[in-house]
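Peer 1: Residue numbers (our numbering): 55 to 220.
The C-beta atom is built at its ideal place from N, Cα and C for all residues, glycine as well.
1. Compare the Cα-Cα distances from residue 76 to each of 148, 220, 191, 166 and report the closest residue.
2. Classify residue 145 as helix, strand or coil using the three-state DSSP reduction.
3. Quick check: what's the CA-CA separation for residue 113 versus residue 220?
4. Just reading off the alpha helix (DSSP H) that residue 216 is part of, what are its end residues?
5. Taking residue 146 and residue 79 to be in contact with their CB atoms under 8 Å, please state how far apart those CB atoms are, rounded to whole angstroms.
6. From 193, 214, 209, pick the residue whose C-alpha is nearest to that of residue 85; which is it?
7. Between the beta-carbon of residue 221 and the beta-carbon of residue 82, is there less than 7 Å?
8. Can you give me the start and stop residues for the alpha helix (DSSP H) that residue 177 sits inside?
9. Need the endpoints of the alpha helix (DSSP H) that residue 78 sits in, please.
10. Residue 69 to residue 171, Cα distance in whole Å?
11. Just tell me which of 90, 185, 163 has its CA closest to the CA of residue 42.
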């Protein structure tokens, strides 16, 4: 492969995996919240209470999400607490995109210590909201860890693909 095409291929790989890492995170974070008892398909959501896509955040419910079993009420308190936390943490979707992009870039650039800066900035910005004892800290941790894992996986895949080029 000639040098200009090789450079173009490298950039295409990086951009493609960055987009995957950044945008696949939203549905994965929502699934993790749901698995942790977010309640996006629970009784409160069916009654119209709960997070909406307009409210912002990774906590917006999926349109195709199936409601849980009607007969189970386990974790109802946890569900409502995590829903309340979602309402408190505004702008989660945009922050998640930036967090995953920054994490992806720091790993691919060979500066994994930059992840500490990303988490520190996010934690300091969210600190006033995290002091609440309504599940906000748990939601923050779940979303952050999921985002970091998705970004790291995307950066790893990009690094592997770049290694396949001559």
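Peer 2: Straight from the coordinates:
1. If you number the chain shown from 1, residue 76 lands on position 22. Comparing Cα positions, the closest option is 148.
2. Walking along the chain shown from the start, residue 145 turns up at place 91. Coil, per DSSP.
3. For the purposes of this step, residue 113 is taken as residue 59 along the chain shown, with counting starting at 1. For the purposes of this step, residue 220 is taken as residue 166 along the chain shown, with counting starting at 1. With a pLDDT of 43 at residue 113, under the threshold of 50, the modelled position of this residue cannot be trusted, and the question is left open.
4. Looking up residue 216 in the chain shown gives position 162. 190-218 is the span of the alpha helix (DSSP H), which, as asked, contains residue 216.
5. Taking the first residue of the chain shown as position 1, residue 146 is located at position 92. Taking the first residue of the chain shown as position 1, residue 79 is located at position 25. Not a contact, Cβ separation roughly 11 Å.
6. The sequence position of residue 85 within the chain shown is 31, counting from 1. Nearest of 193, 214, 209 to residue 85, Cα basis: 193.
7. Lying outside 55 to 220, the shown extent of the chain, residue 221 is not represented and no answer is given.
8. Residue 177 sits at position 123 when you count from the first residue of the chain shown. Where residue 177 is concerned, the enclosing alpha helix (DSSP H) stretches over 168-184.
9. Within the chain shown, numbered from 1, the residue matching residue 78 stands at position 24. No alpha helix (DSSP H) holds residue 78; DSSP gives it neither H nor E.
10. Residue mapping note: residue 69 aligns to position 15 of the chain shown, counting from 1. Residue mapping note: residue 171 aligns to position 117 of the chain shown, counting from 1. The alpha-carbon atoms of residue 69 and residue 171 are separated by roughly 22 Å.
11. As shown, the chain starts at 55 and ends at 220. That puts residue 42 outside it, with no answer to give.
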